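Asks:
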Amino acid sequence: MSGWEEVPSLLVMATLGVPLVLTVAVMLPATRKGGVLLAPWAALPTVVLGLSAGATVSWPHVLLGMRLYAPDEVTRTYLLFTGVLWLFSGLFARGYLREDGRKASFWGFYLATLVGNVGAVLARDMASFYLFFAMMTFCAYGLVVHSRDERAARAGRVYIIMALVGEVLLLAAFFLIAGTRINLMFDEVPRVVAEAPERTLICVLILAGFGVKVGVLLLHMWLPLAHPVAPAPGSAVLSGTIIKVGVLGWLRFLPLGEASVPEVGQVLVALGLAASFYGVLVGLTQKEAKTVLAYSSISQMGFLTLAVGLALGAPEAAPVLVGAVLVYATHHSLAKGLLFLGAGLVHETGRRGWRAVVVWVGLVWAGLEIAGAPLTSGALAKLSLKSAEAVAHAPEVVPTLLSLAAVGSTLIMARFLVTVLPDAPEQGTRDTGGMWLSWMLLLVVDTVLLVWPPVGSEFLPKLLEPKNVWSSAWPVALGVAVSAVAWRMGRSVPEIPAGDVLWPLSRLVLPGWRLLTRGAEREESKPGELTVRTLRGFARLRDLFLREVSRGEEGLSRLSHVGFLLLVFLGVFLFLLVR
Numbered sequence: 234m235s236g237w238e239e240v241p242s243l244l245v246m247a248t249l250g251v252p253l254v255l256t257v258a259v260m261l262p263a264t265r266k267g268g269v270l271l272a273p274w275a276a277l278p279t280v281v282l283g284l285s286a287g288a289t290v291s292w293p294h295v296l297l298g299m300r301l302y303a304p305d306e307v308t309r310t311y312l313l314f315t316g317v318l319w320l321f322s323g324l325f326a327r328g329y330l331r332e333d334g335r336k337a338s339f340w341g342f343y344l345a346t347l348v349g350n351v352g353a354v355l356a357r358d359m360a361s362f363y364l365f366f367a368m369m370t371f372c373a374y375g376l377v378v379h380s381r382d383e384r385a386a387r388a389g390r391v392y393i394i395m396a397l398v399g400e401v402l403l404l405a406a407f408f409l410i411a412g413t414r415i416n417l418m419f420d421e422v423p424r425v426v427a428e429a430p431e432r433t434l435i436c437v438l439i440l441a442g443f444g445v446k447v448g449v450l451l452l453h454m455w456l457p458l459a460h461p462v463a464p465a466p467g468s469a470v471l472s473g474t475i476i477k478v479g480v481l482g483w484l485r486f487l488p489l490g491e492a493s494v495p496e497v498g499q500v501l502v503a504l505g506l507a508a509s510f511y512g513v514l515v516g517l518t519q520k521e522a523k524t525v526l527a528y529s530s531i532s533q534m535g536f537l538t539l540a541v542g543l544a545l546g547a548p549e550a551a552p553v554l555v556g557a558v559l560v561y562a563t564h565h566s567l568a569k570g571l572l573f574l575g576a577g578l579v580h581e582t583g584r585r586g587w588r589a590v591v592v593w594v595g596l597v598w599a600g601l602e603i604a605g606a607p608l609t610s611g612a613l614a615k616l617s618l619k620s621a622e623a624v625a626h627a628p629e630v631v632p633t634l635l636s637l638a639a640v641g642s643t644l645i646m647a648r649f650l651v652t653v654l655p656d657a658p659e660q661g662t663r664d665t666g667g668m669w670l671s672w673m674l675l676l677v678v679d680t681v682l683l684v685w686p687p688v689g690s691e692f693l694p695k696l697l698e699p700k701n702v703w704s705s706a707w708p709v710a711l712g713v714a715v716s717a718v719a720w721r722m723g724r725s726v727p728e729i730p731a732g733d734v735l736w737p738l739s740r741l742v743l744p745g746w747r748l749l750t751r752g753a754e755r756e757e758s759k760p761g762e763l764t765v766r767t768l769r770g771f772a773r774l775r776d777l778f779l780r781e782v783s784r785g786e787e788g789l790s791r792l793s794h795v796g797f798l799l800l801v802f803l804g805v806f807l808f809l810l811v812r
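Here it is as structure tokens:
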């Protein structure tokens, strides 16, 4: 093999190798300064790979036979918007953290999370995907608790508990999918799930397990707690790329195009529509800009949830719906990244001066994109979604509800602008540490990808059709009008605490848990009949679990290096956390 033929494989390895090496460099005192200096550029190989062609890399002796990269539309699209947002968020973080005493800790978690995020996109087999997905999940905890105050600690607790619940659900699903085969390539997974006797159960576990990451309604509580406390670059990648890996998991593991699971699909459609309105209604009551954006993400992810639900019920429309999901994910990733980074940038640019004017215009533009205004990436995304829904024969009420949801998107973007304005000082600083330039470059890339989108280019000419201009214009115009009236009236609504349903749940669950615990303490020396039955029930569940796990034990016993790798990962995680 010539040197040039090895370049695609080397590029794939560089997307993981560069941030991994920099993670180690940031950890070691001798190389920390150089690691921090180069860390913002760690995602550059990912961008290059997203724009070019790589080659599948196979390491048969790593884990259960690791395979990385395939030149399919899903992988390349995800690599592009993931790499772009991580790159410019990293460049932004260099200035944002210039006076932060814990910036080495931030960079360690940031780089390790990047490895997990990109690895999950590159993975072509179940075991590799789960390794990188878990790495991304647990390392992102360090971004959430970066400030180390009580508010961040509470958000971190909720995040890690919900993450663990999601991991347990996914492990159960993966065991059911793989059976005695231990590992499967993604080319086989949809067919295996479609033919499995437990197909419905697997779909529910996959939807719920990844739904925690996506922020599906009733599994969304960590988002409005974690986003506001994380540094702005951390919030940008959390909302822009990390929650999209949950959608990627749906695309990889659900039997889309292979089988119809209408009962599960209908529930998902209902949850998606409900989330698109619920996120807006609760977000409008918030008084902190990044919390408003978190609820906006819950609302926007409802559209993607809806599309996946339709694909589950209509296998023949799955390719079109997956394409719409990719268009929407790309649009939301960059627009929401601009908004989160912009929320941090206004502290530096203030309200006056030409740089401040550019930032405020850019924030309005990104807000219009989220709302789906004409001639924006949001309009392109919503047009692709509505076209896909027509192919899937969605209920006639769905397009109307989506238009009303677009009114809500406009309202919540107006709410964001109202809440972020008081955060900006009258006069900004002269030196933004490169934040303004990196944010502007992201804005330029966002605009360029509207003209040359990685997917969905066939919808570009339709953006100028009068009926499509009107269908995207009237919800935004109505939302702006309602916002103006509300602003003139000057009335405020009572704030719903961030985390919404978590608050009443905690009021019910914690007292009940204390009561249950006290009862157990009283019966410890002389257990009653109910306690004995409960203990026997737990024993039966334990035995059932052990029997299921033992099915894969023989194959897993071959993995002499897995335990060592997990210990190294745990050691790195703890080292970064205590810094």
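As numbered in the numbering used here, residues 234 to 812 make up the sequence shown, in order.
A virtual CB, placed ideally from N, CA and C, is assigned to each residue, including glycine.
Source: prediction; values computed, not measured.
(1) Would you identify the three-state DSSP class for Val478, choosing helix, strand or coil?
(2) Taking Cβ positions, are Ile415 and Leu297 nearer each other than 8 Å?
(3) Pick helix, strand or coil for Ala638, following the three-state DSSP scheme.
(4) Quick check: the region 450-461 against the region 523-533, are at least 3 beta-carbon pairs closer than 8 Å?
(5) Since Gly349 and Met368 are thought to touch, with beta carbons under 8 Å apart, how far apart are those beta carbons, to the nearest angstrom?
(6) Assign Arg721 to one of three DSSP states: helix, strand, or coil.
(7) Here's a check: name, in chain order, each residue in its chain whose Cβ is nearer than 8 Å to the Cβ of Ala386, leaving out the five neighbours to either side.
(8) For Glu728, which residues of its own chain have a beta-carbon under 7 Å away from its beta-carbon, when the five flanking residues on both sides are left out?
(9) Could you pull the DSSP bridge partners for Gln660 from this structure?
(10) So, do the region 426-440 and the region 487-498 have three or more beta carbon pairs nearer to each other than 8 Å?
(11) For Glu659 and His580, what's the separation of their Cα atoms in angstroms?
(12) Checking the sheet assignment: what are the DSSP bridge partners for Met534?
(13) Report the start-end ranges of each alpha helix (DSSP H) in the region 414-473 that is 4 residues or longer and not cut off at the edges.
(14) Considering Trp672, what are the terminal residues of the alpha helix (DSSP H) in which it resides?
(15) Which residues does DSSP pair with Trp292 in a beta bridge?
(16) Nearest to Gly546 by alpha carbon, out of Val560, Gln499 and Val590?
(17) Could you pull the start and end residues of the alpha helix (DSSP H) that Val317 belongs to?
(18) What's the gap between the Cα of Leu650 and the Cα of Met722?
(19) Quick check: the Cα distance between Gly467 and Leu635, rounded to an integer number of angstroms?
(20) Does the Cβ-Cβ distance between Thr289 and Tyr302 come in under 8 Å?
(21) Identify the continuous alpha helix (DSSP H) that holds Gly212 and give its terminal residues.
(22) I think Thr643 touches Ala604, with their Cβ atoms under 8 Å apart; what is that distance to the nearest whole Å?
(23) Identify the continuous alpha helix (DSSP H) that holds Arg384 and give its terminal residues.
(24) When DSSP labels each residue in this structure, what does Ala562 get in the three-state scheme?
(25) Less than 7 Å between C-beta atoms, sequence neighbours within five positions excluded: which residues of the same chain meet that for Ala360?
(26) Does the Cβ-Cβ distance between Glu332 and Thr370 come in under 8 Å?
(27) Quick one: residues in its chain with C-beta nearer than 6 Å to the C-beta of Ala551, no 5 flanking neighbours on either side, listed in chain order?
(28) Just to confirm, are Phe510 and Gly641 a CB contact at a threshold of 8 Å?
(29) So, using beta-carbon positions, are Tyr343 and Leu376 closer together than 8 Å?
(30) DSSP three-state call for Ala818: helix, strand or coil?
(31) So, helix, strand or coil for Ala360, using DSSP?
(32) Does the region 677-684 come close enough to the region 614-630 that 3 or more CB-CB pairs lie under 8 Å?
(33) State the DSSP-derived secondary structure class of Thr643, mapped to helix, strand or coil.
(34) Determine the contact status of Leu676 and Leu571, defining contact as a CB-CB distance below 8 Å.
(35) Take Thr308 and list the residues in its own chain whose beta-carbon comes closer than 8 Å to its own, dropping the five residues that flank it on each side.
(36) Which value, in whole angstroms, describes the spacing of the CA atoms of Leu312 and Val718?
Replies: According to the structure data:
(1) Helix at Val478.
(2) yes
(3) DSSP, read as helix, strand or coil, puts Ala638 in helix.
(4) yes
(5) 4 Å
(6) helix
(7) Closer than 8 Å at the Cβ level, and outside the excluded window around Ala386, lie Val378.
(8) Thr518, Gln519 and Lys520
(9) Gly583
(10) Yes: the two stretches touch, three or more of their Cβ pairs being nearer than 8 Å.
(11) 9 Å
(12) In DSSP, Met534 forms no bridge with anything.
(13) 422-428, 432-447, 455-462 and 465-470
(14) Membership of Trp672 in the alpha helix (DSSP H) is indicated by the continuous run Met668 to Val684.
(15) Met299
(16) Gln499
(17) Glu306 to Tyr329
(18) 17 Å
(19) 30 Å
(20) yes
(21) A question about residue 212 goes unanswered here, because the residues of the chain that appear run from 234 up to 812.
(22) 4 Å
(23) Glu383 to Ala411
(24) helix
(25) Non-local C-beta neighbours of Ala360 in its own chain, meaning closer than 7 Å and more than five positions away in sequence, comprise Leu296, Leu297 and Asn416, ordered along the chain.
(26) no
(27) Leu489, Gly490 and Ala544
(28) yes
(29) For Tyr343 and Leu376, yes; Cβs fall inside 8 Å.
(30) Residue 818 lies beyond the residue range present for the chain, which begins at 234 and ends at 812; the question has no answer from this structure.
(31) helix
(32) no
(33) helix
(34) yes
(35) Here the set comprises Tyr302, Val354 and Leu355.
(36) 42 Å
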